[in-house]
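Residue numbers (numbering that gives the first Met the number 0): 0 to 125. Built from N, CA and C at the ideal position, the CB exists for glycine as well.
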Amino acid sequence: MPRVIFDTDVIVDFLRGNKGAKKVMASIKDADIPCCSVITVAEIRSGMRETEEQVTMSLLGSLDILSIDKNIAQLAGDLKRKTRQQQLELDDCFIAATAIMHQAILITHNPKHYPHKDLMLRKARY
Numbered sequence: 000m001p002r003v004i005f006d007t008d009v010i011v012d013f014l015r016g017n018k019g020a021k022k023v024m025a026s027i028k029d030a031d032i033p034c035c036s037v038i039t040v041a042e043i044r045s046g047m048r049e050t051e052e053q054v055t056m057s058l059l060g061s062l063d064i065l066s067i068d069k070n071i072a073q074l075a076g077d078l079k080r081k082t083r084q085q086q087l088e089l090d091d092c093f094i095a096a097t098a099i100m101h102q103a104i105l106i107t108h109n110p111k112h113y114p115h116k117d118l119m120l121r122k123a124r125y
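Okay, here's the thing in structure tokens:
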């Protein structure tokens, strides 16, 4: 089965009760290996409300968390440099690099954050 990496926005929307995001995540969990980047974990924890910690940790515990290594870091830097004119966030470049290196599909609600040609991308429609 292919790996699928959820972008931070999809997970946050799921945690905040968005029905569309819940449907997207449920459909993927049944068919693929659901993952997220370690960067997503940091992003989610940085914006997490105290009342959300238990459900957040439960959800993250159900995903395969993909770490960053030297190759991913180098690729993220290259992606950021190549898209300098678009002023992309470095965090998004790390997430894209993780998906590329793992040959995974990145599911996001914000595809404009990911213009990278080698990235397999799927827009979460909700």
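Leaving out five residues on either side along the sequence, give the residues of the same chain with a beta carbon under 8 Å from the beta carbon of residue i.
i     : result
Thr82 : Cys92, Pro114, His115
Asn17 : Tyr125
Lys22 : Tyr125
Asp31 : Met0, Pro1, Arg2, Val3, Ile104
Quick one: what's got a C-beta closer than 6 Å to residue i's C-beta in the same chain, skipping five residues either side?
i      : result
Ala75  : Cys92, Phe93, Ala96
Asp12  : Ala20
Ile71  : Ala96, Thr97, Met100
Phe5   : Cys35, Ile106
Met119 : Ile104
Excluding five sequence neighbours on each side, which residues of the same chain lie with their C-beta closer than 7 Å to the C-beta of residue i?
i     : result
Gly19 : Tyr125
Thr55 : Leu14, Ile43, Met47
Val8  : At residue 8 the sequence reads Asp, which differs from the Val that was named. Excluding sequence neighbours, Asp8 sits near Thr107, His108, Asn109.
Leu87 : Lys79, His112
Glu52 : none
Gln85 : Pro114
Using a threshold of 8 Å, state whether the C-beta atoms of residue i and residue j are closer than that.
i      : j      : result
Ile99  : Asp77  : no
Ile27  : Val3   : yes
Pro1   : Ala123 : no
Leu149 : Cys34  : With the chain covering 0 to 125 only, the question about residue 149 has no answer from this structure.
So is residue i buried or exposed if we call it buried at 16+ other beta carbons inside 10 Å?
i     : result
Ile64 : exposed
Leu89 : exposed
Asp68 : exposed
Ser36 : buried
Discussion item. What ranges does the beta strand (DSSP E) occupy inside the region 36-99, keeping only unbroken runs of at least 3 residues that lie completely in it?
Written reply: 63-65
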